[in-house]
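Q: Below is a structure I'd like to ask you about.
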Ligand code: NAD
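In the working numbering, the protein residues as written are -5 to 341.
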C-alpha cells in the first residue's frame, strides 16, 4: 500500500474491540488512536485492552479532544450507542475536527427517520468541514435494507417486498435481554412495550426508508408492532431463565405503506434458543415483482461478526466519499477489504 488510512476507534465494547482487531489485520488501515470512557481501559495500551500479546503504541483515552487531529486521523469508527441524539455531542466534535465517521448506531443508518433536524445538522457539519459520515451495521445497514435493494437490481417492477431475519439472542448480555423483554411474563412484556423499556429491534423505520428511497416505492407511512414470543418449553442462558408461558423474545414487525397499499414488510423475531421449538434461524428476502425472487441464507448472517466487518469495510468508502451525510445506498457497493484494489474505488 502506498499509504494507509489512519483510524481512531471510539468505543471498545463488544463491537468496537472486534473492529479494532479486524482493522489491525488490514494492510490498508492503521489504528492510530482509541477512545473509551471505561476507567479500567483509560491510559492502558490498546494491545492490553484488546487482550493481545503485544503493545500497539496506542494509549486509550477518555479525552477525545486530545486525539481528534485531522493531521493524524482520517476516519473515526464509533461504536458507543444505538441512538443518534445520544451520539450527537461526540459526532459534532469529530466532524468539527474535520474527520470522517463510520457509526454503527442503528439510528445513524438513516438519521432522518427519527430526526430530520439532526440529519440536516450532520450533513451541514460534514460539508462545512469537507468530510463524510455514514451509519452502518449488519441490521440496519445491510441484511434488511442494502441486501434487499441489491436483490432488486435486475427487476423490471416491484409489487411488494417481504424480508425477515430470524436469529438467536442466546449469546447476548443482560442489556439485550431487557430491551427485548426476554424472561418477562406476557403482561410485563406488554407494559414494557407501552412504557418504552422493551424496544425490540432498533432500525425498522431506517431500513424501510432506505429501501423505499432507493427504489422509489413512495412509502409515506410506517407502522411497527411488537409481540411477545411466548415459550412452550424451558429455555435458559447464563443471563436469563425462561419457563413455559414466559417470554423468550420479541417478534417485531415493521410495515411501510404507500397510501393504503403495503409495499414493504420487515420481520425480525428475536429470541433465545429458537431451536428448542424447532425454529431454525436465517435471513429470508422475498421480492414480489418481475421477476419474483426468493433468497434464503441459513443460518442467518452472524450479526456481531458482520457488524464488525461492514464497519471496517466501509472505512475506505467513507474516506473517499464526497462530503456530507451518507447512507448505505449512497456509496459504491461495499465488500471485504482483501487487497490493494479494494481501498480506492472513487467514483
Ligand atoms: P458495548 O456496550 O459492548 O460497548 C460500548 C462501549 O462504548 C463501552 O466500552 C463503553 O464504555 C463505550 N462508550 C459508550 N459511550 C461512550 C462515549 N460517549 N465515549 C466513549 N466511550 C463510550 O456495546 P456494543 O455491543 O459494542 O454495541 C455498541 C452499539 O452498537 C450498541 O448500541 C449496539 O446496539 C449497536 N450495534 C448496532 C448494530 C447494527 O447493525 N447497526 C450491530 C451491533 C451493535
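All C-beta atoms in this analysis are idealised placements derived from N, C-alpha and C, irrespective of residue type, glycine included.
On a predicted model such as this, the values are computed, not experimentally measured, just so you know.
Please list the terminal residues of the continuous alpha helix (DSSP H) segment that includes residue 142.
A: 140 to 145 is the span of the alpha helix (DSSP H), which, as asked, contains residue 142.
Q: Mark residue 220 as exposed unless 16 or more other C-beta atoms lie within 10 angstroms of its C-beta, in which case mark it buried.
A: Answer is buried; the Cβ neighbour count reaches 16.
Q: Ordered along the chain, which non-local residues of its own chain (more than five positions away) have a Cβ less than 6 Å from that of residue 320?
A: So the list reads 126 and 128, once near-sequence residues are dropped.
Q: Determine the contact status of residue 163 and residue 176, defining contact as a CB-CB distance below 8 Å.
A: For residue 163 and residue 176, yes; Cβs fall inside 8 Å.
Q: State the beta-bridge partners of residue 218 as determined by DSSP.
A: In DSSP, residue 218 forms a bridge with 248.
Q: Give me the DSSP bridge partner(s) of residue 4.
A: In DSSP, residue 4 forms a bridge with 29 and 72.
Q: Considering only their Cβ atoms, is the gap separating residue 81 from residue 99 smaller than 8 Å?
A: Contact flag set, yes.
Q: What residues are listed by DSSP as bridge partners for residue 158?
A: Paired residues: 261 and 278.
Q: Exposed or buried, what is residue 161 when buried is set at 16 or more other beta-carbons lying within 10 Å of its beta-carbon?
A: Classification of residue 161: buried, given that the 10 Å Cβ count is 16 or more.
Q: Please determine whether the Cβ atom of residue 297 lies at a distance below 7 Å from any heavy atom of the ligand NAD.
A: True, at least one ligand heavy atom lies under 7 Å from that Cβ.
Q: What are the boundary residues of the beta strand (DSSP E) that includes residue 229?
A: Taken as a continuous stretch (DSSP letters only), the beta strand (DSSP E) holding residue 229 covers 229 to 231.
Q: Tell whether a beta-carbon distance below 8 Å holds between residue 301 and residue 9.
A: Cβ distance < 8 Å, so residue 301 and residue 9 count as in contact.
Q: Taking just the CA atoms, how far does residue -2 sit from residue 64?
A: Cα to Cα, the separation comes out at about 14 Å.
Q: Between the region 182 to 194 and the region 231 to 249, can you find at least three pairs of beta-carbon atoms closer than 8 Å?
A: Touching, yes.
Q: Indicate the three-state DSSP secondary structure (helix, strand or coil) for residue 329 in the structure shown.
A: Coil.
Q: To the nearest angstrom, how far is it from the Cα of residue 198 to the Cα of residue 260?
A: Rounded to the nearest angstrom, the two C-alpha atoms are 7 Å apart.
Q: From the DSSP output, in three-state form, read off residue 24 for me.
A: Residue 24 falls in the strand class under three-state DSSP.
Q: Give me the residue from 265, 318, 202 and 324 with the minimum Cα distance to residue 114.
A: The option with the nearest alpha carbon to residue 114 is 318.
Q: Can you say whether residue 269 is buried or exposed, counting buried as having 16 or more other CB atoms within 10 angstroms of its CB?
A: Residue 269 is exposed by the Cβ-count criterion.
Q: Among residues of its own chain, excluding the 5 on either side of residue 108, which ones have a beta-carbon nearer than 6 Å to its beta-carbon?
A: Here the set comprises 101.
Q: So the candidates are 304, 147, 298 and 332; which of them puts its Cα closest to the Cα of residue 7?
A: The candidate whose alpha carbon is nearest that of residue 7 is 298.
Q: So the beta strand (DSSP E) residue 318 belongs to, where does it begin and stop?
A: Segment 318 to 320, the beta strand (DSSP E) holding residue 318.
Q: Residue ranges of each beta strand (DSSP E) run of no fewer than 3 residues wholly in the region 173 to 224, ordered along the chain?
A: Taking only runs of at least 3 residues, the beta strand (DSSP E) segments lying wholly in the region 173 to 224 are 215 to 224.
Q: Are the Cβ atoms of residue 36 and residue 56 separated by less than 8 Å?
A: Yes; because the gap between Cβ atoms is below 8 Å, this pair is in contact.
Q: Quick one: any contact between the region 267 to 286 and the region 166 to 182, if contact means 3 or more CB pairs under 8 Å?
A: No, the region 267 to 286 is not in contact with the region 166 to 182.
Q: Would you check whether the ligand NAD has a heavy atom nearer than 7 Å to the C-beta of residue 53?
A: Residue 53: no, Cβ never under 7 Å from the ligand NAD.
Q: Going by the C-beta, is residue 301 closer than 7 Å to any heavy atom of the ligand NAD?
A: The answer is yes for residue 301.
Q: Using a 10 Å radius around the Cβ and a threshold of 16 neighbouring Cβ atoms, would you call residue -5 buried or exposed?
A: Note on residue -5: pLDDT 44, under 50, position unreliable in the model; no value is reported.
Q: Write down the C-beta distance between residue 26 and residue 67 rounded to the nearest angstrom, noting that I regard them as a contact closer than 8 Å.
A: Yes, they are in contact, since the Cβ atoms of residue 26 and residue 67 sit about 6 Å apart, within 8 Å.
Q: Check whether the Cβ atoms of residue 252 and residue 238 lie closer than 8 Å to each other.
A: Not a contact, by the Cβ cut-off of 8 Å.
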